[in-house]
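Here's the structure, in structure tokens; my notes come after.
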Amino acid sequence: MKETNILEFKEEISKSFLKTVSAFSNYNGGTILFGIDDDGKIKGIENPNKRCLDIENRINDNIFPQPNYRLEVDDLNKTISLIVNPGENKPYLYNSKAFKRNDTSTIEVDSFELTRLILEGKKINYEDLPTSNIRLDFKYLEQKLKEAISINTFNKDTLKTLNLFNNNHFNNAAELLSDNNSFPGIDIAIFGKSINIIKKRLLLENMSILKMYDLAIQTYIDYYQYEEIDGSYRKKIELIPEEAFRESIANALIHRAWDLNAKIRISMFEDRIEIVSPGGLINGITKDEYISGMISSLRNPIISNVFFRLGIVEIFGTGILRIIHSYNESINKPIFNTSTNTIQITLPVTRSKSDLKTDNEIIYNLFKQYNELSISEILSLVPYSRSKVKDILNKLKEENIIRKTGRGRGTKYHL
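Just so we're aligned, residue 318 is where the sequence shown starts under the working numbering, counting upward by one.
So, in structure tokens, the structure goes:
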């Protein structure tokens with residue numbers, strides 16, 4: 318057993334645990350185990366039931382507002398579990414300071430993150446805040462609304478209906494959708510055969526995010542689509558599924574953190590596209606929930622609603638599933654990476670089974686038959702040497718066709 322960002326060990330009961338109570342309450346919750354040393358060894362605590370009262374008093378006297386927690390005693394090992402739930406009334410302060418977890422340590426949040434916690438506690442999204450730009454034009458938004466839902470008039474009542482104008486002022490969402498948008502935009506780089514060769518650079522800024530979306534799509538079409546003439550017919554060929562790219566860009570614009578002074582980065586290579594958007598997952602959302610579409614809350618619901626009304630996105634939370642489904646016929650799949658401050662989606666050029674060399678195809682077919690395999694298991698099924706199997710597996714892994722899990726003797730490969 319090891320410490321994590323949601324699990325901390327305390328051999329004794331000291332005031333330092335209160336910082337972690339603040340951190341767990343402010344973010345994703347967690348557990349503090351008393352009577353366990355830093356190496357995860359059970360040491361126990363004398364009179365654990367009596368010491369629970371000491372823990373309660375320290376929390377109630379020092380953490381404001383009151384956090385949501387419970388205590389459990391393991392009488393056999395003489396340990397105490399303090400389970401802290403994510404709080405609703407953020408920020409939770411200890412000594413007038415808010416804390417967060419940084420891997421297995423607890424640190425004070427900076428002023429930027431404290432502001433975020435205050436807004437979250439008040440149930441206010443950044444897009445709801447008033448913009449300092451009081452003169453906004455909406456010609457592009459008006460055009461898109463007329464095309465999508467055939468509106469006859471566009472005025473302040475329209476903006477109020479879209480929740481872009483309230484209490485006699487525009488909000489940040491309004492500025493993002495306006496022609497005068499001053500927020501960071503999209504940086505597109507088209508690379509040659511290596512990252513050192515930049516064939517073209519596009520910086521989309523000072524325009525509506527709707528126009529950014531359309532220009533990004535057009536750039537994709539220019540570089541990843543072509544027509545193939547078959548007799549008297551023209552057939553559109555997509556090197557990367559258009560649906561996957563559309564959903565990825567919409568996802569980046571809708572779910573990014575607009576309070577971060579960073580651009581969305583789109584890197585276009587000959588064999589893939591990488592889209593990196595600022596801002597990690599919303600607090601409380603796991604990577605598995607993000608990929609499966611089980612998103613219970615939106616970072617930018619106003620912007621999401623406008624994109625929905627315009628038909629750019631469908632049901633909220635299904636974009637990632639649509640990206641995955643668009644690769645159903647491809648042997649290589651999209652990759653999703655999340656960190657504290659970014660979300661990255663990698664869309665590879667699609668490949669069919671016929672693109673594989675014979676030896677590679679034989680190994681690939683094994684994974685269609687078996688759920689997962691180790692190298693030893695593969696060697697028992699094919700007439701190849703260990704070094705050749707390793708080379709093939711590494712090649713398939715590099716091409717995002719298979720994945721590797723585990724370490725040492727526990728290493729397995731799967732699709």
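Glycine included, C-beta positions come from ideal geometry on N, C-alpha and C.
I'd like the span of the alpha helix (DSSP H) that includes residue i, first residue to last.
i, result
"residue 464", "456 to 466"
"residue 378", "365 to 379"
Suppose you measure from the CA of residue i to the CA of residue j; what does that come to, to the nearest Å?
i, j, result
"residue 418", "residue 604", "18 Å"
"residue 458", "residue 494", "7 Å"
"residue 641", "residue 496", "33 Å"
"residue 712", "residue 720", "11 Å"
"residue 540", "residue 506", "12 Å"
"residue 357", "residue 656", "27 Å"
"residue 660", "residue 366", "44 Å"
"residue 732", "residue 475", "48 Å"
"residue 363", "residue 395", "7 Å"
"residue 485", "residue 454", "16 Å"
"residue 676", "residue 560", "32 Å"
Would you kindly report the start and end of the unbroken beta strand (DSSP E) that includes residue i?
i, result
"residue 401", "396 to 401"
"residue 656", "That residue, residue 656, is in no beta strand (DSSP E); it is neither H nor E in DSSP."
"residue 521", "515 to 521"
"residue 390", "386 to 391"
"residue 350", "347 to 351"
"residue 474", "Element bounds for residue 474: not the beta strand (DSSP E) but the alpha helix (DSSP H), 473 to 478."
"residue 729", "729 to 731"
Which class does residue i belong to by DSSP, given the choice of helix, strand or coil?
i, result
"residue 630", "coil"
"residue 411", "strand"
"residue 323", "coil"
"residue 429", "helix"
"residue 504", "strand"
"residue 637", "helix"
"residue 333", "coil"
"residue 443", "helix"
"residue 609", "helix"
"residue 495", "coil"
"residue 525", "coil"
"residue 488", "strand"
"residue 726", "helix"
Which same chain residues end up closer than 6 Å to residue i when comparing Cβ atoms and leaving out the 5 residues on each side of it in sequence?
i, result
"residue 407", "343, 434, 437, 438"
"residue 381", "410"
Just to confirm my understanding: we take residue i, look at its own chain, exclude 5 residues before and 5 after, and list those with CB closer than 7 Å. What are they?
i, result
"residue 610", "634, 635, 637, 638"
"residue 536", "505, 519"
"residue 573", "581, 594, 595, 596"
"residue 359", "352, 353, 394, 396"
Please return the same chain residues whose Cβ sits closer than 8 Å to the Cβ of residue i, not counting the five positions on each side in sequence.
i, result
"residue 461", "527, 627"
"residue 355", "320, 326, 328"
"residue 620", "444, 490, 493, 494, 526, 570, 571"
"residue 551", "544, 545"
Between residue i and the ligand MG, is there a pair consisting of the residue's CB and a ligand heavy atom that are separated by less than 7 Å?
i, result
"residue 542", "This structure does not include the ligand MG; it has no bound ligands of any sort."
* With a floor of 4 residues, list each alpha helix (DSSP H) that falls wholly inside the segment 536 to 604, ordered by position along the chain. => 559 to 572
* Residue ranges of each alpha helix (DSSP H) run of no fewer than 4 residues wholly in the segment 664 to 720, ordered along the chain? -> 675 to 686, 692 to 696, 703 to 715
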